[in-house]
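Undergrad: Here it is, the structure, as structure tokens.
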Amino acid sequence: MTLPSVRTPRDATDVLRRVFGYESFRDGQRQIIEHVVGGGDALVLMPTGGGKSLCYQIPALVRPGTGVVVSPLIALMQDQVDALRALGVQAGFLNSTQDDGARREVEAAFVDGELDLLYLAPERLRLRSTAELLDRGEIALFAIDEAHCVAQWGHDFRPDYLLLSELRQRWPEVPRIALTATATPATHKEITTRLGLENAQHFVADFDRPNIQYRMVAKREPKAQLLEFLRTEHAADAGIVYCLSRSSVEKTADYLVANGITALPYHAGLDARVRAEHQARFLREDGLVMVATIAFGMGIDKPDVRFVAHLDLPKSIEGYYQETGRAGRDGQRATAWLAYGLQDVVQLRRLIEASEGDAAHRRRLSHHLDSMLALCETVECRRIGLLSYFGQQLSAPCGNCDTCLHPQQTWDATVPAQKLLSAVLRLQRERRQKFGAGHLIDILLGRRTPKVSQHSHDTLTVFGIGTELSEAAWRGVVRQLLAQGLLAVEGEHGTLLLTDTSAEVLRKERVVSMRREPERAPRAAGGGGA
Ligand code: ADP
Ligand code: ZN
Numbered sequence: 001m002t003l004p005s006v007r008t009p010r011d012a013t014d015v016l017r018r019v020f021g022y023e024s025f026r027d028g029q030r031q032i033i034e035h036v037v038g039g040g041d042a043l044v045l046m047p048t049g050g051g052k053s054l055c056y057q058i059p060a061l062v063r064p065g066t067g068v069v070v071s072p073l074i075a076l077m078q079d080q081v082d083a084l085r086a087l088g089v090q091a092g093f094l095n096s097t098q099d100d101g102a103r104r105e106v107e108a109a110f111v112d113g114e115l116d117l118l119y120l121a122p123e124r125l126r127l128r129s130t131a132e133l134l135d136r137g138e139i140a141l142f143a144i145d146e147a148h149c150v151a152q153w154g155h156d157f158r159p160d161y162l163l164l165s166e167l168r169q170r171w172p173e174v175p176r177i178a179l180t181a182t183a184t185p186a187t188h189k190e191i192t193t194r195l196g197l198e199n200a201q202h203f204v205a206d207f208d209r210p211n212i213q214y215r216m217v218a219k220r221e222p223k224a225q226l227l228e229f230l231r232t233e234h235a236a237d238a239g240i241v242y243c244l245s246r247s248s249v250e251k252t253a254d255y256l257v258a259n260g261i262t263a264l265p266y267h268a269g270l271d272a273r274v275r276a277e278h279q280a281r282f283l284r285e286d287g288l289v290m291v292a293t294i295a296f297g298m299g300i301d302k303p304d305v306r307f308v309a310h311l312d313l314p315k316s317i318e319g320y321y322q323e324t325g326r327a328g329r330d331g332q333r334a335t336a337w338l339a340y341g342l343q344d345v346v347q348l349r350r351l352i353e354a355s356e357g358d359a360a361h362r363r364r365l366s367h368h369l370d371s372m373l374a375l376c377e378t379v380e381c382r383r384i385g386l387l388s389y390f391g392q393q394l395s396a397p398c399g400n401c402d403t404c405l406h407p408q409q410t411w412d413a414t415v416p417a418q419k420l421l422s423a424v425l426r427l428q429r430e431r432r433q434k435f436g437a438g439h440l441i442d443i444l445l446g447r448r449t450p451k452v453s454q455h456s457h458d459t460l461t462v463f464g465i466g467t468e469l470s471e472a473a474w475r476g477v478v479r480q481l482l483a484q485g486l487l488a489v490e491g492e493h494g495t496l497l498l499t500d501t502s503a504e505v506l507r508k509e510r511v512v513s514m515r516r517e518p519e520r521a522p523r524a525a526g527g528g529g530a
């Protein structure tokens, strides 16, 4: 008999070629697969498109029994299973979309040892019948896909994932492999403890996507800016435009179509059939622009997405990284373009305040947003900022992001910051009033608007003290103060408030440096991208 250690690598390569039709493993895949085939537990942190699926699919085929895959991507299970079946792999799934007959068929196949892979929706774990079913068959391994869903600290928490901690107690000898494309140190740690993977081997891939050019611009007329970006750099390219709300998805798609761009909307409010059709067209046709909420994209494997554009600020760096990661999976040049403005910050803060969950949960959401804002406002290499969020160091600025290509000038904004903060302070102290950015800027610019007159704000000492800057420049100041935590915003009307650190600026103990923003957006920044 041949020893497993000699046999297994050959088997894994054999399966890679014979079943999946690939010549060789990608970076990291071989080590992960060998480790799991050998019965070891693994935690795999690998960016989207890195090739995580094979890391559990091949061990499931090499080891005796069925690989049980827990995945939150219920909408994709049918497609995944169909794709595997087309390769000759015996696969099935159990989730709420299927009827009793189909469910019983899959269960019988599992018990009879006829399945290589069984996909399970996480809510199945709540059912005692699921554990009883699993006891009746042979399990090759447990794969926990999208493992960051177990982390409350993360951006995509699913309570049912907490039940996965029981796998180890119940089936101690079955190897477990957890996989995710989210690799912040905090999430990594939480996955490890929640899933009991302290003794597992951790495989952390390189998260850099060097072919993606990161760019962030101040939002002025977002749709027109987007159109300009598409026309000058990505005419006839396939890409995704992300918007926060369903209505802005619809409006943006209409606008692009009216301007001669083939665009389709995608959001959870559309009929399931329409969604499926739009998704199929995006995958099949060339040069289609999908305008979508973040409901679109998970598990979408289209290699030639040339750009991902954000018309609204993502809620976290994890989200931003995952969404932009759908660009350029073929390794060719791609652009991640984002437009953001003050209104985004106001809107996202409001969503956080209104969100369900306790104060700790809201603090976490706030922290995610702060990090995203800091990335937007950085004057340093975006890639360095992005990767450091994932605990990865880059030795030098990347040369392929907007701040590298067009080094940002900074200016000493201490005096304007003091003017704005003292206007906030005056209103709060002297009048017990709170206002949003628009009204404060009117006061600083000395505008006698009806609202100014109504509150006789033209009698304030700060009235008209800020005429050296334009309205757009003042909005930039407010945004950057928010990003630096020197100002806070709350409530439906985006009320501005002082923070613990505002006083340092007001007492002249702190210098405020800001990126200089062009009065008009520069045309098509970026390394000669055609
Ligand atoms: P992830 O789950 O990490 O986002 P996937 O597992 O979906 O990534 O893989 C991304 C793409 O790369 C898929 O089209 C997959 O078939 C392909 N792929 C994975 N491993 C290899 C390999 N060794 N050789 C060639 N293509 C691969
Ligand atoms: Zn850079």
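When we follow the UniProt record's numbering, the leftmost residue of the sequence shown carries the number 1, and every step to the right adds one.
A virtual CB, placed ideally from N, CA and C, is assigned to each residue, including glycine.
As the structure is a prediction and not an experimental result, all values here were calculated from the model.
Any residues whose CB sits closer than 6 Å to a heavy atom of the ligand ADP? List them in chain order?
TA: Output, sorted by chain position: Y22, F25, R26, Q29, M46, T48, G49, G50, G51, K52, S53, L54, D301.
Undergrad: Considering only DSSP beta bridges, list what L338 is partnered with.
TA: On the sequence shown, residue 338 is found 338 positions in, with the first residue counted as 1. Note: L338 sits in a beta bridge opposite M216, H310.
Undergrad: Expressed to the nearest angstrom, what Euclidean distance is found between the alpha-carbon atoms of A263 and R273?
TA: One-based indexing of the sequence shown puts residue 263 at position 263. One-based indexing of the sequence shown puts residue 273 at position 273. C-alpha separation (whole angstroms): 17 Å.
Undergrad: Using the beta-carbon count (16 or more within 10 Å), is N199 buried or exposed?
TA: As a first step, residue 199 must be located in the sequence shown, where it is residue number 199. Under this definition N199 is an exposed residue.
Undergrad: Considering only the alpha carbon of each residue, which of A131, P122, G92, R124 lies closest to E114?
TA: Locating residue 114 in the sequence shown gives position 114, where the first residue counts as 1. Minimum Cα distance to E114 is reached at G92.
Undergrad: Let me know the secondary structure DSSP gives L162 once reduced to three states.
TA: Position 162 of the sequence shown holds residue 162. It is helical.
Undergrad: At a cut-off of 7 Å, is G399 close to the ligand ZN when judged by its beta-carbon and the heavy atoms of the ligand?
TA: For the purposes of this step, residue 399 is taken as residue 399 along the sequence shown, with counting starting at 1. For the ligand ZN, at least one heavy atom lies less than 7 Å from the Cβ of G399.
Undergrad: Output yes or no for whether 8 Å exceeds the beta carbon distance between A151 and T48.
TA: As a working mapping, residue 151 is identified with position 151 in the sequence shown. As a working mapping, residue 48 is identified with position 48 in the sequence shown. Contact flag unset, no.
Undergrad: Where does R209 fall in DSSP's three states?
TA: Counting from one through the sequence shown, the residue named residue 209 turns up at place 209. Coil.
Undergrad: Report whether the distance from the Cβ of R284 to the nearest heavy atom of the ligand ZN is below 7 Å.
TA: The residue given as residue 284 occupies position 284 in the sequence shown. For the ligand ZN, not one heavy atom lies less than 7 Å from the Cβ of R284.
Undergrad: Using the three-state DSSP reduction, which class does E468 fall into: helix, strand or coil?
TA: Residue mapping note: residue 468 aligns to position 468 of the sequence shown, counting from 1. E468 falls in the coil class under three-state DSSP.
Undergrad: Can you have a look at T459 and say buried or exposed, based on whether 16 or more other CB atoms are within 10 angstroms of its CB?
TA: Residue numbering aside, residue 459 sits at position 459 when the sequence shown is read from its first letter. When all chains shown are included, T459 counts as exposed.
Undergrad: Can you tell me whether A178 is buried or exposed? The criterion is at least 16 other CB atoms within 10 Å of its CB, across all chains shown.
TA: Here residue 178 refers to the residue found at position 178 when the sequence shown is read from its first residue. Flag for A178 reads buried.
Undergrad: Contact check, M216 vs D402 under 8 Å by CB: the rounded distance?
TA: Within the sequence shown, residue 216 is the residue found at index 216, counting from 1. Within the sequence shown, residue 402 is the residue found at index 402, counting from 1. Right, their Cβ atoms sit about 7 Å apart.
Undergrad: Run the proximity test for C404: is its beta-carbon closer than 7 Å to any non-hydrogen atom belonging to the ligand ZN?
TA: If you number the sequence shown from 1, residue 404 lands on position 404. Indeed, a heavy atom of the ligand ZN lies less than 7 Å from the Cβ.
Undergrad: Closest by CA to E26, which one among A309, A186, D206, S316?
TA: Residue numbering aside, residue 26 sits at position 26 when the sequence shown is read from its first letter. First, the residue type needs correcting, since residue 26 is Arg and not Glu in the sequence shown. When each option's Cα is compared against that of R26, the closest is D206.
Undergrad: Under the DSSP definition of a beta bridge, which residues are partnered with T180?
TA: The count along the sequence shown starts at 1 and reaches residue 180 at position 180. BP columns for T180 point to L45.
Undergrad: Let me check understanding here. Comparing Cα to Cα, which of E504, D156, E468 lies closest to I441?
TA: Your numbering for residue 441 matches position 441 in the sequence shown. The option with the nearest alpha carbon to I441 is E468.
Undergrad: Kindly indicate the opening and closing residues of the beta strand (DSSP E) around residue 554.
TA: Lying outside 1 to 530, the shown extent of the chain, residue 554 is not represented and no answer is given.
Undergrad: Among R432, R284, R18, which has the Cα closest to the Cα of L497?
TA: One-based indexing of the sequence shown puts residue 497 at position 497. Cα-wise, what sits closest to L497 is R432.
Undergrad: Answer with buried or exposed for W337, where buried requires no fewer than 16 other C-beta atoms within 10 angstroms of its C-beta.
TA: By 1-based counting over the sequence shown, the position of residue 337 is 337. Buried: at least 16 other Cβ atoms inside 10 Å.
Undergrad: Is T8 helix, strand or coil when you go by DSSP?
TA: By 1-based counting over the sequence shown, the position of residue 8 is 8. Residue placement at T8 cannot be trusted, given a pLDDT of 49 that sits under 50; what the coordinates show is reported in the next sentence. In this structure, T8 counts as helix in the three-state DSSP scheme.
Undergrad: Report yes if the C-beta of C381 is less than 7 Å from at least one heavy atom of the ligand ZN; otherwise report no.
TA: Here residue 381 refers to the residue found at position 381 when the sequence shown is read from its first residue. C381 Cβ: within cutoff of the ligand ZN.
Undergrad: Would you list the one or two residues that DSSP bridges to H202?
TA: The residue given as residue 202 occupies position 202 in the sequence shown. L43.
Undergrad: Can you check the UniProt domain "Helicase C-terminal" (222-373) for any alpha helix (DSSP H) of at least 4 residues that lies completely inside it and give the ranges in chain order?
TA: Segments of the alpha helix (DSSP H) lying fully in the UniProt domain "Helicase C-terminal" (222-373): 222-233, 246-258, 272-284, 317-324, 342-354.
Undergrad: How would you call S5, buried or exposed, if buried means at least 16 neighbouring beta carbons within 10 angstroms?
TA: Start at 1 with the first residue of the sequence shown, and residue 5 comes out as number 5. With a pLDDT of 39 at S5, under the threshold of 50, the modelled position of that residue is not reliable, and the figure given next carries that caveat. Looking at its Cβ environment, which holds fewer than 16 other Cβ atoms inside 10 Å, S5 is exposed.
Undergrad: So the candidates are D254, G260, Q480, E123; which of them puts its Cα closest to the Cα of L164?
TA: For the purposes of this step, residue 164 is taken as the residue at position 164 of the sequence shown. Per the Cα distances, E123.
Undergrad: Where do the N-terminal and C-terminal ends of the beta strand (DSSP E) with V68 fall, by residue?
TA: Reading the sequence shown from its first residue, position 68 is the one you call residue 68. Residues 66-70.
Undergrad: Between the beta-carbon of K302 and the beta-carbon of A236, is there less than 8 Å?
TA: Position 302 of the sequence shown, counted from the start, is the residue given in the question as residue 302. Position 236 of the sequence shown, counted from the start, is the residue given in the question as residue 236. Contact: no.
Undergrad: To the nearest angstrom, how far is the alpha carbon of V305 from that of G438?
TA: Along the sequence shown, read from residue 1 onward, the residue named residue 305 stands at position 305. Along the sequence shown, read from residue 1 onward, the residue named residue 438 stands at position 438. Cα to Cα, the separation comes out at about 38 Å.
Undergrad: Are V44 and I32 touching if we call contact CB-CB under 8 Å?
TA: Numbered from its first residue, the sequence shown carries residue 44 at position 44. Numbered from its first residue, the sequence shown carries residue 32 at position 32. It is a contact, given that the beta carbons lie within the stated cut-off.
Undergrad: Give the secondary structure of E492 by DSSP, where H, G and I count as helix, E and B as strand, and everything else as coil.
TA: Position 492 of the sequence shown, counting from 1, holds the residue named residue 492. Here E492 sits in coil by DSSP.
Undergrad: Which residue comes first and which comes last in the beta strand (DSSP E) that contains G92?
TA: Here residue 92 is taken as the residue at index 92 of the sequence shown, counted from 1. Element bounds for G92: 91-94.
Undergrad: Out of curiosity, what's the CA-to-CA distance linking Q418 and G319?
TA: Sequence index remark: in the sequence shown, residue 418 carries index 418 (1-based). Sequence index remark: in the sequence shown, residue 319 carries index 319 (1-based). Distance between the alpha carbons of Q418 and G319 is about 34 Å.
Undergrad: Please report the distance separating the alpha-carbon of residue 599 from that of Q322.
TA: Residue 599 lies beyond the residue range present for the chain, which begins at 1 and ends at 530; the question has no answer from this structure.
Undergrad: Please report how far the alpha carbon of R349 lies from the alpha carbon of V379, in whole angstroms.
TA: Translated into positions along the sequence shown, residue 349 becomes position 349. Translated into positions along the sequence shown, residue 379 becomes position 379. Computed Cα separation, rounded: 24 Å.
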